[in-house]
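Quick notes on the structure that follows.
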Amino acid sequence: MNCMQEVNSTTKQALYQFMKDQDISLLKYHFDHYFKFCVQENNIQVLPHHFSSHKIEGLTVVDEFGTSFSYERDNPKVKQNFTLCHELGHFILKHDGNYFAESIDNQENLLEREANVFSAVVLMPDIVLLSKIYYSCETFHQVQNSLAVSKQALFFRLLDFLRKYYSGKDSEIKQAVETYIEGKNASIFRLFHDIREQIIEEFHQFQPSLINQVKQRVRKVGFVTSLEYPELSNQDNWQAIKASSINLKTWLIYNKGKSIAYVWDKEKFSDKEARKKAELQLLLM
Ligand SMILES: [Zn+2]
C-alpha cells in the first residue's frame, strides 16, 4: 500500500464508523454531517477569512486557544467545502504542526496531498458514489450537486477511485468518466458492476458501536436508558462506557421484577436527578 492509499483507508475507517453509528442514509449523504460532528466533538472553531494581498484558500491554526479552521470567504461554496474538509484532514490524520496554510504554492507537499485525499473521500465516499451512480442511476450533475463539490473535484475523484480497482486501465477509466459527464452511463456502469461487492463489503465491515451511540446520545440529552439501548442491561458494557468519558456514570435500578440500566452525564445531572428520571421510566414500564 502506498501512503495515499493508506490515507484513503484511514479516512474511510473513521467515516464509515461514523456513518454506521449515526445510521446515515447513503443517498442523502452530505459531508456536513461528519464535518459538524468532528468540529463539535473536538471544539474546533470554524470561521471565514479574507486577505487582500495574497490568496490563502484555507488555514489551520493550533494555539493556546485551541484549534481553528478558516476559509476564504470570497471562494465559491464548493471550494470552501473542499478547503474545510482539507483542514479537517490535517486534524484527523494528526499531522504534526501548529499552522497549515493552503495556497497554490504548496500543493505538492506530502501533508497537503494527504489532506486533499482525506477531503475527496469525505466529500465523496466510495459507498456513496456506488449508491448514487450505480444503484440510483444519478447523472454526473446530480451527484455533483447533491454532494456540493465542483465538477473538477468529482472528475478527479472518480478517476482516482476507479484507478484503485483497475490499475493499468487509465484510458478506459478516463473515457468512462468523460462519457458519464456527457450523460452516457453504460461504461461507468460496467466498471462499477464488477467492483460493487468489494465496496459494499468494505462498508459493512463496520458495525454501529454501542459505546459510540450511547456517548453521542448522552452528549445530546444527558441521559439514556436500557429502554433505548437494551445492551446497557449487560453490565459488561458499563466499564467501556465509563472508560470512554470521565463524565459518564452508569447505574441500575429495579422494582417488582423490572429493571432499568441508565447512563448519564454527571455535569448535566446529579446522581439523584438521574435516579429520579430512571425511576419515572420504570414506573411507566
Ligand atoms: Zn493543508
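By UniProt numbering, the letter at position 153 of the sequence shown is numbered 153, and the numbering carries on one by one without gaps. From the three backbone atoms N, C-alpha and C, an ideal C-beta is built for every residue, glycine too.
- Task: Mark residue 91 as exposed unless 16 or more other C-beta atoms lie within 10 angstroms of its C-beta, in which case mark it buried.
- Result: In the sequence shown, counting from the first residue as 1, residue 91 sits at position 91. With a threshold of 16 other beta carbon atoms within 10 Å, residue 91 meets it and is buried.
- Sorry if obvious, but does the Cβ on residue 65 come closer than 6 Å to a heavy atom of ligand 1? For the purposes of this step, residue 65 is identified with residue 65 of the sequence shown, where counting begins at 1. Not so, every heavy atom of ligand 1 lies at least 6 Å from the Cβ.
- Beta carbon of residue 18 nearer than 7 Å to that of residue 29: The count along the sequence shown starts at 1 and reaches residue 18 at position 18. The count along the sequence shown starts at 1 and reaches residue 29 at position 29. No, these two residues do not count as a Cβ contact at 7 Å.
- Query: At what residue ranges does the UniProt domain "IrrE N-terminal-like" (43-158) contain a whole run of the beta strand (DSSP E), taking only runs of 3 or more?
  - Reply: Taking 3 residues as the minimum length, the beta strand (DSSP E) runs contained wholly in the UniProt domain "IrrE N-terminal-like" (43-158) are 45-49, 58-63, 66-72 and 99-102, in order along the chain.
- For residue 12, the three-state DSSP class (helix, strand or coil): Your numbering for residue 12 matches position 12 in the sequence shown. Note: residue 12 maps to helix in three-state DSSP.
- Query: Would the C-beta of residue 153 count as close to ligand 1, meaning under 6 Å from any of its heavy atoms?
  - Reply: Sequence index remark: in the sequence shown, residue 153 carries index 153 (1-based). For ligand 1, no non-hydrogen atom lies closer than 6 Å to the CB of residue 153.
- Query: So does residue 114 have its beta carbon nearer than 6 Å to some heavy atom of ligand 1?
  - Reply: Here residue 114 refers to the residue found at position 114 when the sequence shown is read from its first residue. Not so, every heavy atom of ligand 1 lies at least 6 Å from the Cβ.
- Measuring alpha carbon to alpha carbon, tell me which of 251, 224, 12 and 63 ends up nearest residue 236. Here residue 236 is taken as the residue at index 236 of the sequence shown, counted from 1. Nearest of 251, 224, 12 and 63 to residue 236, Cα basis: 251.
- Task: Can you tell me which of 127, 281, 197 and 100 puts its alpha carbon nearest to the alpha carbon of residue 254?
- Result: For the purposes of this step, residue 254 is identified with residue 254 of the sequence shown, where counting begins at 1. When only C-alpha atoms are compared, the closest one is 281.
- When burial is assigned at 16 or more other CB atoms within 10 Å of the CB, is residue 121 buried or exposed? On the sequence shown, position 121 is the one that residue 121 refers to. Counting of Cβ neighbours within 10 angstroms places residue 121 among the buried residues, the total reaching 16 or more.
- residue 166 versus residue 150 - alpha carbon distance: For the purposes of this step, residue 166 is taken as the residue at position 166 of the sequence shown. For the purposes of this step, residue 150 is taken as the residue at position 150 of the sequence shown. Whole-angstrom Cα-Cα distance: 24 Å.
- In the DSSP assignment, find the beta strand (DSSP E) that holds residue 258 and state where it starts and stops. Sequence index remark: in the sequence shown, residue 258 carries index 258 (1-based). Boundaries of the beta strand (DSSP E) around residue 258: 258-265.
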